[in-house]
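J.: Residue numbers (the UniProt record's numbering): 1 to 586. Glycine included, C-beta positions come from ideal geometry on N, C-alpha and C.
Following this line, the structure appears as structure tokens:
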């Protein structure tokens, strides 16, 4: 059937797509694994390599084991993660996706510039590939760098994801002796539908680090009463964490002994990819500095750091140069410090380095409530806040965290908006929750400078402000107070080739990794003119704001969403439409 891709009826398309059901609230059949009848082979750990111009990727139900946990999984070509897809810039790619699993599936090529009908989002760009069916993806490879692929359904947290490396057509400027993918993820034996149900009804507070009156946290009685009024605790960092999750590196648990070999004096490239469902990771290699050379697949000027926080769906490439014959621990600590993924950078097989203990859990602060008195553009300092009743308690008395009069008319006020940021300042200089005062160098967005000149030097012609909204108690998430199910026929509209500045305002107390499909955007981070760093995913800190400049030059309908998977499936999802428009946004 031939159809004009620009004139697809979205409501009709969504209704026909089982894979979009959880995004828009439609009924859908529960897969076999969710009813206890999941069967399949035991998944292999780690990725095979697929390369060439015609690839086959087969999705299947499986079982996965790590540590003392066993549970259902979804594999692609038999492994978790699925295969490393290694390509060359400028080639053409054909991928045949075969679905041998028990539910609808697809592949989204995260960060790749592809025609929108090849973007792999059920309900937006395609119907789900149902069990027993196949689908052919076909597109030119237009870029180089480190990316990843994944399902755009609840198969993703079960193992349906994998890395992508695209080698530059003209050869890589970064000469290294060894090149490794370090894919971070989280996995639970509890099926994702059940996790989402428990989050929604409040049955299972998966935050196991809640504070009580006797906890040894620096909170006064007034502080505790303040947090009680917010119906939160300052340790509410992550919705889902250990011990529900096992944290994996390339599919291997902390006790599996995963090693990356090196010889003393070698330059080693480590390509970090956060393919997790719900986990931010703090990455460090104790005793070994890391030089960041790429963010989201795009080259940046080198920045030497000791640690960086990587949000869901982000990628960072680093180079390390271990000297001597010592080994080093690669530590990916969950942001809430409930667990970690571990691997060894080993000078010889079996060599071990000391693994640091988990650090104390971080605490949310006034800045995370949007109550900082800083000025726009200033970096926030969690540790500089006075946590006594004389500061936060009095501030709470003077400020109403639910003063919806502060919101613009574009935000629909209702049960989905439970908090309003009092002072949503730019937090680009924030290294991430819990990393302000760790005593060593931590990456922040303000340090990222594009290695190459930006292609579009035009100034934006307008500002588009979008609020990230939610209700923690009801587990409702949205843009501008409206879940995707309420706005499926009302996308965000950009004219083709329009230059627009997008301001994201976080009216919640959680960090959100926001991903726009089909485009790269330029962070507004005070980088030198013409060298704003390019990203496809942007972490917006709690209670703060962040801005990016976008050239809307990829026509089609593109998903725009939070990459915390249960936030996306509970409403923080929209569609960005790029096409010739009369009168701009309309």
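Return yes when the Cβ of residue 106 is within less than 8 Å of the Cβ of residue 151, no when it is not.
T.: Yes. Within cutoff.
J.: Going along the chain, which residues of its own chain have a beta-carbon closer than 8 Å to the beta-carbon of residue 196, five neighbours each way excluded?
T.: 22, 154, 566, 569 and 570
J.: Residues in its own chain within less than 6 Å of residue 87 by CB, not counting five upstream and five downstream?
T.: 141 and 166
J.: Indicate the three-state DSSP secondary structure (helix, strand or coil) for residue 622 in the structure shown.
T.: Nothing about residue 622 can be read from this structure; the chain reaches only from 1 to 586.
J.: Let's see if you can read the secondary structure: which residues bound the alpha helix (DSSP H) around residue 568?
T.: 565-568
J.: For a test of the three-state rule: what should DSSP assign to residue 302, helix, strand or coil?
T.: If DSSP states are grouped into helix, strand and coil, residue 302 belongs with the strands.
J.: Tell me which residue opens and which closes the alpha helix (DSSP H) that residue 196 is part of.
T.: 192-201
J.: With a threshold of 16 other CB atoms inside 10 Å of the CB of residue 462, please say whether the residue is buried or exposed.
T.: exposed
J.: So what does DSSP say about residue 47, is it helix, strand or coil?
T.: coil
J.: Where do the ends of the alpha helix (DSSP H) carrying residue 449 lie?
T.: First-last for residue 449: undefined, no H or E at that position.
J.: For the ligand NAP, I want to know if residue 243 counts as a neighbour, meaning its beta carbon is within less than 7 Å of at least one of the ligand's heavy atoms.
T.: The ligand NAP is not part of this structure, which contains no ligands at all.
J.: When burial is assigned at 16 or more other CB atoms within 10 Å of the CB, is residue 437 buried or exposed?
T.: exposed
J.: Is it buried or exposed, residue 110, if we count other Cβ atoms within 10 angstroms and call 16 or more buried?
T.: Flag for residue 110 reads buried.
J.: Judging by CA-CA distance, which residue of 526, 241 and 508 is the nearest neighbour of residue 572?
T.: 508
J.: Kindly indicate the opening and closing residues of the beta strand (DSSP E) around residue 135.
T.: Here the beta strand (DSSP E) through residue 135 covers 134-140.
J.: If residue 306 and residue 176 are in contact, beta carbons under 8 Å, what's the gap, nearest whole angstrom?
T.: Their Cβ separation, rounded to whole angstroms, is 20 Å, which puts residue 306 and residue 176 out of contact at 8 Å.
J.: Taking residue 328 as part of the beta strand (DSSP E), name the residues at either end of that continuous run.
T.: 328-334
J.: I'd like to confirm the pairing. Which residues does DSSP put opposite residue 271 in its beta bridges?
T.: According to DSSP, residue 271 shares a beta bridge with 181 and 317.
J.: List the whole-angstrom C-beta distance separating residue 537 from residue 456, where the pair is believed to meet the contact cut-off of C-beta under 8 Å.
T.: 20 Å between Cβ atoms; not a contact.
J.: For residue 53, does the three-state DSSP call read helix, strand or coil?
T.: coil
J.: Taking the continuous alpha helix (DSSP H) assigned at residue 540, which residues delimit it?
T.: Per DSSP, residue 540 belongs to no alpha helix (DSSP H); it is in the beta strand (DSSP E), 537-540.
J.: Please check the pair residue 279 and residue 191, which I expect to be a contact at CB under 8 Å, by giving their CB distance rounded to whole angstroms.
T.: Not really, about 18 Å apart at Cβ, beyond 8 Å.
J.: Could I get the ranges of all uninterrupted alpha helix (DSSP H) runs contained in the UniProt domain "Plastocyanin-like" (68-168), with 4 residues as the minimum, in chain order?
T.: none
J.: For the candidate residues 523, 80 and 112, whose alpha-carbon lies nearest to that of residue 297?
T.: 112
J.: Where does residue 548 sit, in a helix, a strand or coil, going by DSSP?
T.: strand
J.: Pull up the distance between the alpha-carbon of residue 349 and that of residue 335, whole angstroms please.
T.: So the alpha carbons of these two residues sit roughly 30 Å apart.
J.: If we ignore side chains and look at the alpha-carbon of each, how far apart do residue 99 and residue 314 end up?
T.: 27 Å
J.: Quick one: what's got a C-beta closer than 6 Å to residue 491's C-beta in the same chain, skipping five residues either side?
T.: 575 and 577
J.: When DSSP builds the beta bridges, which residues end up paired with residue 343?
T.: Residue 343 has 330 as its beta-bridge partners, per DSSP.
J.: Ordered along the chain, which non-local residues of its own chain (more than five positions away) have a Cβ less than 6 Å from that of residue 51?
T.: 86
J.: Could you work out which residue in 431, 444, 417 and 484 is closest to residue 472 when comparing CA atoms only?
T.: 417
J.: Give the straight-line distance between the Cα atoms of residue 178 and residue 344, rounded to the nearest whole angstrom.
T.: 15 Å
J.: If you draw a straight line from the C-alpha of residue 449 to the C-alpha of residue 427, how long is it?
T.: Computed Cα separation, rounded: 17 Å.
J.: Exposed or buried, what is residue 587 when buried is set at 16 or more other beta-carbons lying within 10 Å of its beta-carbon?
T.: Within the shown structure, residues of the chain are numbered from 1 to 586, placing residue 587 beyond reach of any answer.
J.: Would you mind giving the Cβ-Cβ distance between residue 331 and residue 293, rounded to the nearest angstrom? I have them listed as a contact below 8 Å.
T.: About 20 Å; that fails the 8 Å criterion.
J.: Which class does residue 487 belong to by DSSP, given the choice of helix, strand or coil?
T.: When secondary structure is reduced to three states using DSSP, residue 487 falls in the helix class.
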